[in-house]
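In what follows, a single structure is set out as C-alpha cells and then discussed.
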Amino acid sequence: MASTPPSESFLFEVEPQPAPLPDPAELVAKLNPEQRRAVETTEGPLLVLAGAGSGKTRVITTRVAYMVAKGTPPESILALTFTNKAAGEMKERIGALVGKERGEALFAGTFHSFCLELLRKHLDKIGFPRGFYLCDTGDQISTVKGAMGDFATADAKKRPGDVLAAISLFKSKLMTPAQALAAATDIDDELVAKTWERYEERLRHSRLLDFDDLLLRALELFDSHPEVLKEVQDQYRYLFVDEYQDTNKPQYEIVRRIAEGHGNLCVVGDDDQSIYGWRGADITNILSFEHDFEGCTVVKLETNYRSTSAILNAANRVIQNNIERHDKTLRAAREGGAALRLFRLGDEIEEAQFVMRDIQEKCRTPHWRLSDFVVLFRTAVQPRAIEMELQSAGIPYKLVGGQSFFDRKEVRDVLAYLRLLVNPNDEISLLRVINAPPRGIGRTSLDRVLDFAASKEISISSAFDRAAEIPGLSPTVAKTVADLRRLLATLGGMQHSISMEALIDRTLEGVNYRAELERCYPDPVAREKRSRSLDDIKRWAEWHKERKKRPSLKSFLGDLALNAGEIPGRGEKEEGPIERLTLMTLHAAKGLEFPQVYMIGLEEGLMPHGRSAKEGNIEEERRLMYVGITRAKLELTLSHTRERNKFGTRVKSMPSRFVYELKGTPPPDDWIPAGLEPEERKAAKKKAKRKARKRPAR
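Quick note on numbering: the sequence shown equals residues 5 to 702 in the working numbering.
Below you can see the structure in the form of C-alpha cells.
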C-alpha cells in the first residue's frame, strides 16, 4: 500500500496594515465650539490663545490627528515645543488617535532638537566641520570661567553663571560680541562682551556648539543657503508651535522663514503666561502675531476646565491690570468653589508653621493626601523656613529645582571622559579631567600649554602634540598627557564594538576614576552615594539604546546634553509613589496643577521681585502671579508677613500690590512700593509718616 504523501503547508507573507484612520467628525464631536474652530481651521496662519486649563494639549493633538485623518501626510507636519517631555507626550497622544506609525512619522520636538538634526546634515555649508559636538551647561560655565580669567578685574562683580546668562540673553536678541561691547555701560558689561568673544574661540577650537548656537547657526544656514530653506519648506507644509509666548527672537525668525514658504502656521500660547522674559522670551512675538502674519485667524480658548470660578475670578482680577495683553477672560466650566484665603503672619517662621499645621490638619481627613498640596514661592531662599519645619515634623516633601543630575562633579567628570572618546579635540573636557584623578600636572604647566596654544592660535590638544616646543614644560608632564590621550584613543576605538555600558565601565577602570571618588569623598557613605551616580549614567545609556534606532556613544552624549534640564537627580525619579508635599518656585510650576495651592511671601520685594520692579518688569511679575493662582484646582491659600529676615536683619514687609488688586482696593497711604531708589524710598517713608500723623485717631 502506497504511503500517503505529507500534506503541503504554505506560509503567506502578510504586510502589516496601518491602523485605520479615525472619522474626522468623531474627533471633534466632544470639543467645545472654540476648540472645534481651532481644530478645523487647518489652512493659513492661526493664533490659538489658550488660557490656563483650557485644554490646550487636547486641541493641539486633535488638530494634528484631524489633519492626518483628512489626508495630510504626517511627514509634512513639523511640531515645535520647548521640552522633550512635551514633544514625547504629543507624539504619544497623536499616535493613540491616528496610529503609532503615523504618529512617529511627523516631527515633534524642541526647537533645539530640530536645529540639531538640520545642522548635522548641512553645517559644513557654513564653514563648520560636520563632526561637531554639543556643549552642555556645566561645560559652558567652565569655559566661561576660563575665558573670564583673561579679563576679570577686582572691580568686576559678575560670576561665571551670571556671565553665561548674559551671553545667552544677548544671543537671544541676535546680538554679536562687538555690539555687546559697544553697548557696555560699565566694567561688568565690558567683561561679559570680552569674555563672550574668548568663549566663542574656545568652543570653536573644540568643535563645539552651545544650545544658543544651534538656533543661530540654523538661521545662518537658512540665510546663506536658500536651497536648504526651500527644502525644509517643501518638506514641512504645516508648522505648529506650542508655548509661542516663550519664543525668543531667533526662534521667531526660524518660524517666520519656514512659514513664508506656505503660510500654514499654527501657534498656540497665552500671553498672560509669558514669564521668561529674563531669559530672552519675547512677548511681542505673540502680541504681534496678527500683524506679522497677514490674514491670520484668532481663536480664544477661554473655558477653563481646571479651577473653580472663585479661583478664576481672582486670576482675572489680577491680570486685567496688565496693559500689554490680548483681551480675554477665563470662564469656569464649573461654578462655585471655596473662597480664597489670605493670611497675614508675623514672620517667615510663623508663616512656615501656619502652612505646615494647615496642611497637617487637612490631611487628617480622608479627603486629602500630601501629594494634593503644593507650596509656591518667588525666590529660591523662601522655602528654607518651611523645610526646617517639615523636617522637624517628619513630613516627607520634595523640593523641585534642587541639584541637577548634571551638576554633580562625578557625572560631569565621567561625561567629559566619554566626550573625549568621540572628540579628542574637546579641550574643555580635556582640561576638566586632566587631573581627575590627580596626575601631577600643575597649574604652571597648564598655563604654559594654554599660553602656547593661544600664541599659535591652535587647540590645546595640538599644543600637547608640540610639547617639545613649549618652553619650561616638563617632559614628564608631556609624557603623562600623551599616555592619557593614547589610552582614551584606544578606548574610543572600542565604541562600535562593545556596549556603551561596558565602555563606560572600561573607561572608569582605565582612568582609575574610583581613586578620584576616594580622594574627594573619604566618607564611605558619601562615596557610595556618589558612586551610584556612575550607575545612573549607565542606566541612561541603556534607556538611550531602547529608544533610538541607531544608538551610538555620540548620539547618547548629544541626547544627554539636549535633555539635561529634564533628567532628574537620583531619588527624584526613583522614590515612586511616596506621599509627599511639593515645594517649588512659581516659574517651575508653569504647566502643572494641584488641588490645593499655597502661595507664600506675597510682599513687595518678593512678589513682585524688587529687581523686576526696579527694572520696570511689573507686568511679567503680574503674569507670574496669574500663573500661580491658576495652578489651583479647588482651593487657594495666600500669605504674607509683617516682617522678614533679610541678610540677618528684621525688615518690615509691605503687602504685595497684587494683594490689593485681588481685593479690588487701593493700597493704604503708608504703603511703599518695591523698586524705588534709596532716596525715593526715604522720601516715600517720610510721606507715609506724615500721612499717618494726620490720620484721625480711632
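By construction, the Cβ of each residue, glycine as well, lies at the ideal position given by its N, Cα and C atoms.
Discussion item. If you reduce the DSSP assignment to three classes, tell me which class Asn-268 lands in.
Written reply: To locate residue 268, count along the sequence shown from 1; it is residue 264. In this structure, Asn-268 counts as coil in the three-state DSSP scheme.
Discussion item. Give me the residue from Glu-665, Phe-111 and Glu-583 with the minimum Cα distance to Gln-239.
Written reply: Translated into the one-based positions of the sequence shown, residue 239 becomes position 235. Answer by Cα proximity: Phe-111.
Discussion item. Does Lys-552 pass the burial test, meaning 16 or more other C-beta atoms within 10 Å, or should it be called exposed?
Written reply: The residue you call residue 552 lines up with position 548 of the sequence shown. Classification for Lys-552: exposed.
Fill in: Three-state secondary structure (DSSP) of Lys-366
For this step, residue 366 is matched to residue 362 along the sequence shown. DSSP places Lys-366 in helix when its eight states are reduced to three.
Worksheet item: Which of helix, strand or coil does DSSP assign to Gly-59?
Response: Within the sequence shown, numbered from 1, the residue matching residue 59 stands at position 55. It is coil, neither helix nor strand.
Worksheet item: Can you name the start and end residues of the alpha helix (DSSP H) that Thr-288 belongs to?
Response: Residue 288 sits at position 284 when you count from the first residue of the sequence shown. First-last of the alpha helix (DSSP H) with Thr-288: 288-291.
Discussion item. According to DSSP, is Gly-278 part of a helix, a strand, or is it coil?
Written reply: Taking the first residue of the sequence shown as 1, we reach residue 278 at position 274. First, the residue type needs correcting, since residue 278 is Ser and not Gly in the sequence shown. If DSSP states are grouped into helix, strand and coil, Ser-278 belongs with coil.
Worksheet entry | Nearest-angstrom Cα separation, counted from Pro-230 out to Cys-270 | If you number the sequence shown from 1, residue 270 lands on position 266. If you number the sequence shown from 1, residue 230 lands on position 226. About 23 Å.
Worksheet item: For the ligand NAD, is there a heavy atom less than 7 Å away from the beta-carbon of Thr-46?
Response: Although the ligand NAD was asked about, the structure shown includes no ligands whatsoever.
Worksheet item: What is the C-beta distance between Leu-638 and Ala-337, in whole angstroms, given that I count them as a contact (C-beta under 8 Å)?
Response: Residue 638 sits at position 634 when you count from the first residue of the sequence shown. Residue 337 sits at position 333 when you count from the first residue of the sequence shown. At roughly 14 Å, the Cβ-Cβ gap does not stay under 8 Å, so Leu-638 and Ala-337 are not in contact.
Discussion item. Let's test the definition: count the other Cβ atoms within 10 Å of the Cβ of Asp-286 and tell me whether it reaches 16, buried, or not, exposed.
Written reply: In the sequence shown, counting from the first residue as 1, residue 286 sits at position 282. It counts as buried.
Worksheet item: Should the segment 141-153 be called in touch with the segment 114-125, which here means at least 3 C-beta pairs below 8 Å?
Response: no
Worksheet item: Can Gln-499 and Leu-491 be called in contact, C-beta distance under 8 Å?
Response: Counting from one through the sequence shown, the residue named residue 499 turns up at place 495. Counting from one through the sequence shown, the residue named residue 491 turns up at place 487. Contact flag unset, no.
Worksheet entry | His-116 versus Leu-424: straight-line alpha-carbon distance, rounded | Against the sequence shown, residue 116 aligns to sequence position 112. Against the sequence shown, residue 424 aligns to sequence position 420. The straight-line gap from Cα to Cα measures roughly 23 Å.
Worksheet entry | 8 Å contact criterion, which Met-658 and Met-629 should meet: CB distance rounded | Sequence index remark: in the sequence shown, residue 658 carries index 654 (1-based). Sequence index remark: in the sequence shown, residue 629 carries index 625 (1-based). 15 Å between Cβ atoms; not a contact.
Worksheet item: Per DSSP, what kind of secondary structure is Ala-4 in: helix, strand or coil?
Response: The requested residue 4 is not part of the displayed model; the chain covers only 5 to 702.
Practice prompt. Could you have a look at Leu-521 and say whether DSSP puts it in helix, strand or coil?
Written response: The residue you call residue 521 lines up with position 517 of the sequence shown. Three-state result, Leu-521: helix.
Worksheet item: Is the shortest distance between the beta-carbon of Ile-363 and the beta-carbons of chain D less than 8 Å?
Response: No chain D is present in this structure, which holds just one protein chain.
Item to complete: Find the nearest neighbour of Leu-195 within the set Phe-468, Gly-299 and Lys-162, judged by alpha-carbon distance.
Response: As a working note, residue 195 is residue 191 in the sequence shown. The shortest Cα separation from Leu-195 among Phe-468, Gly-299 and Lys-162 belongs to Lys-162.
Item to complete: Evaluate the contact criterion for the segment 585-605 versus the segment 396-405: three or more CB pairs, one atom per stretch, below 8 Å.
Response: yes
Fill in: Secondary structure of Pro-604, DSSP reduced to three states
Taking the sequence shown and counting its residues from 1, one reaches residue 604 at position 600. The identity of residue 604 in the sequence shown is Ile, whereas the question assumes Pro. Three-state DSSP puts Ile-604 in coil, outside helix and strand.
Worksheet item: Under a Cβ-count criterion, where at least 16 other Cβ atoms within 10 Å of its own Cβ denotes burial, should Glu-578 be classed as buried or exposed?
Response: Reading the sequence shown from its first residue, position 574 is the one you call residue 578. Low confidence applies to Glu-578: its pLDDT is 41, below 50, so where it sits in the model is not reliable, and the reading given next is rough at best. Exposed, since its Cβ has fewer than 16 Cβ neighbours within 10 Å.
Worksheet item: Is it the case that the Cβ atoms of Thr-641 and Arg-345 are separated by a distance below 8 Å?
Response: In the sequence shown, the residue the question calls residue 641 occupies position 637. In the sequence shown, the residue the question calls residue 345 occupies position 341. The answer is yes: Cβ separation under 8 Å.
Worksheet item: Out of Asn-317, His-126 and Glu-414, which has the shortest C-alpha to C-alpha gap to Leu-225?
Response: Position 221 of the sequence shown, counted from the start, is the residue given in the question as residue 225. It is His-126.
Discussion item. One question on the structure: do Arg-361 and Cys-367 come within less than 8 Å of each other, judged by their Cβ atoms?
Written reply: Your numbering for residue 361 matches position 357 in the sequence shown. Your numbering for residue 367 matches position 363 in the sequence shown. No, these two residues do not count as a Cβ contact at 8 Å.
Practice prompt. Might you give, ordered along the chain, the residues of its own chain that have their beta carbon closer than 7 Å to the beta carbon of Asn-252, omitting 5 neighbours on each side?
Written response: In the sequence shown, residue 252 corresponds to position 248, counting from 1. Excluding sequence neighbours, Asn-252 sits near Ser-176, Gly-284, Ala-285 and Asp-286.
Discussion item. By the DSSP assignment, the alpha helix (DSSP H) with Ser-449 in it spans what residues?
Written reply: Taking the first residue of the sequence shown as 1, we reach residue 449 at position 445. Counting along the chain, the alpha helix (DSSP H) containing Ser-449 begins and ends at 447-460.
Worksheet item: Which same chain residues, not among the five before or five after Phe-215, have their C-beta less than 7 Å away from its C-beta?
Response: On the sequence shown, residue 215 is found 211 positions in, with the first residue counted as 1. Cβ within range, chain order: His-116.
Discussion item. If contacts are defined as beta-carbon pairs under 8 Å, then Thr-45 and Val-303 qualify, I think. What distance do you get, rounded to the angstrom?
Written reply: Within the sequence shown, numbered from 1, the residue matching residue 45 stands at position 41. Within the sequence shown, numbered from 1, the residue matching residue 303 stands at position 299. Yes, Thr-45 and Val-303 are in contact; Cβ-Cβ is about 7 Å, under 8 Å.
Worksheet item: Do the CB positions of Gly-350 and Arg-654 come within less than 8 Å of each other?
Response: Counted from its first residue, the sequence shown places residue 350 at position 346. Counted from its first residue, the sequence shown places residue 654 at position 650. No, the Cβ-Cβ distance between Gly-350 and Arg-654 is not below 8 Å.
Worksheet entry | Contacting residues, own chain, Cβ-Cβ under 6 Å from Gly-476 (five flanking each side not counted) | Walking along the sequence shown from the start, residue 476 turns up at place 472. Cβ neighbours of Gly-476 beyond the five flanking positions: Arg-452.
Worksheet entry | Val-232 to Lys-558 span [Cα, whole Å] | As a first step, residue 232 must be located in the sequence shown, where it is residue number 228. As a first step, residue 558 must be located in the sequence shown, where it is residue number 554. The alpha-carbon atoms of Val-232 and Lys-558 are separated by roughly 25 Å.
Worksheet item: Once you ignore the five residues that flank Leu-223 on each side, which residues in its own chain have a CB closer than 7 Å to its CB?
Response: Working through the sequence shown from its first residue, we reach residue 223 at position 219. If we look at Leu-223 and ignore the five residues flanking it on each side, its Cβ neighbours are Pro-254, Glu-257 and Ile-258.
Discussion item. According to DSSP, is Phe-86 part of a helix, a strand, or is it coil?
Written reply: Taking the first residue of the sequence shown as 1, we reach residue 86 at position 82. Correct three-state label for Phe-86: coil.
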